[in-house]
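Asker:
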Amino acid sequence: MELDDLKKNWKTLNEQMPQRPIADDAQVMALIERCKAGTGKSLHKLVGVQRLSLLLGGGVLLLWLILGILVYSHITDAELRVKMLAVLLFMGATVVIGGWWDYKCYCWTRDTRVDEMSVSEVSRRMVTLRRWMRNEVWAMSVWAVLFNALYFWMMGLHHAPATLQAIVIGCFVIIDFSVIYFIYKKLIYKHLNNIKANIEELEDLCNE
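Put into structure tokens, the structure is as follows:
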């Protein structure tokens, strides 16, 4: 290679070198914005799911409670009144405790601001939310068992043949598992996993 060509190539290389960090910085910033946008989008969807759950669940339970009170007021059979009272107390406790818990989780998610909080703060809040959701899954499983047992007792199924009891219990298990799996796996953890992946990518970028 002639000296003039070497000088020319060296000059070109020197001119390109300062531009590389800028390009890298631009790519990093674009990646950060993409991760933040993905986190914000998943949070928005999660807030929507929680809001719908809060409104729909609360409305259905309150309606059920009102109808139960109306039915209870027209029952004259003593044994049936006791059963209806147990159901009303159970549903009343569900409305109060479940409504408080759903609103707490909803506010926590809604107040998580990706654009205003640091990555570590958003990560901490999402870890807390995941722990709450795990506890909620267990609580929902226990609630389903108690509700099924209450229904079983109220309908007098404990006096039915063992085969029928086994079939009913099996149906309860399948229905409960399917509902809980769909709600939390498809509607909740889908968004939580997306948020976790974006936050981990952001943390890796911040640590570089």
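Each residue of the sequence shown is one higher than the one before, counting from 1490 in the numbering used here.
The C-beta atom is built at its ideal place from N, Cα and C for all residues, glycine as well.
Taking methionine 1573 as part of the alpha helix (DSSP H), name the residues at either end of that continuous run.
Answerer: Taken as a continuous stretch (DSSP letters only), the alpha helix (DSSP H) holding methionine 1573 covers 1567-1599.
Asker: To the nearest angstrom, how far is the alpha carbon of isoleucine 1658 from that of tryptophan 1642?
Answerer: One C-alpha to the other measures close to 12 Å.
Asker: In whole angstroms, give me the CA-to-CA distance for glycine 1557 and leucine 1569.
Answerer: Taking the straight line joining both Cα atoms gives about 12 Å.
Asker: How big is the Cα-Cα spacing for aspartate 1665 and asparagine 1687?
Answerer: Taking the straight line joining both Cα atoms gives about 32 Å.
Asker: Measure the alpha-carbon distance for tyrosine 1670 versus methionine 1615 and round it to whole angstroms.
Answerer: If I take the Cα positions, the gap works out to 20 Å.
Asker: Taking C-alpha atoms, which residue in Trp1632, Gly1529 and Leu1535 lies nearest to lysine 1675?
Answerer: Per the Cα distances, Leu1535.
Asker: From what residue to what residue does the alpha helix (DSSP H) around tyrosine 1640 run?
Answerer: From DSSP, the alpha helix (DSSP H) with tyrosine 1640 extends over 1608-1643.
Asker: So, is the C-beta of valine 1668 closer than 8 Å to a C-beta in chain D?
Answerer: Absent here is chain D; the protein component of the structure consists of one chain.
Asker: According to DSSP, is glutamate 1605 part of a helix, a strand, or is it coil?
Answerer: Three-state result, glutamate 1605: coil.
Asker: Under 8 Å by Cβ, that's how I've got valine 1576 and leucine 1639 pegged, so tell me the actual separation to the nearest angstrom.
Answerer: Correct: roughly 6 Å between the Cβ atoms.
Asker: How many angstroms separate the CA atom of valine 1571 from the CA atom of phenylalanine 1579?
Answerer: Cα to Cα, valine 1571 sits roughly 12 Å from phenylalanine 1579.
Asker: Cβ of serine 1542 within 8 Å of Cβ of aspartate 1591?
Answerer: Going by C-beta atoms, serine 1542 is nearer than 8 Å to aspartate 1591.
Asker: Have a look at valine 1668 and arginine 1623 and give me their C-alpha separation to the nearest angstrom.
Answerer: Looking at the two C-alpha atoms, the distance is approximately 15 Å.
Asker: For histidine 1680, count neighbouring Cβ atoms within 10 angstroms of its own Cβ and tell me buried if that reaches 16, exposed if not.
Answerer: Looking at its Cβ environment, which holds 16 or more other Cβ atoms inside 10 Å, histidine 1680 is buried.
Asker: Following the continuous alpha helix (DSSP H) through leucine 1653, name the residue where it begins and the one where it ends.
Answerer: Its alpha helix (DSSP H) spans residues 1651-1670.
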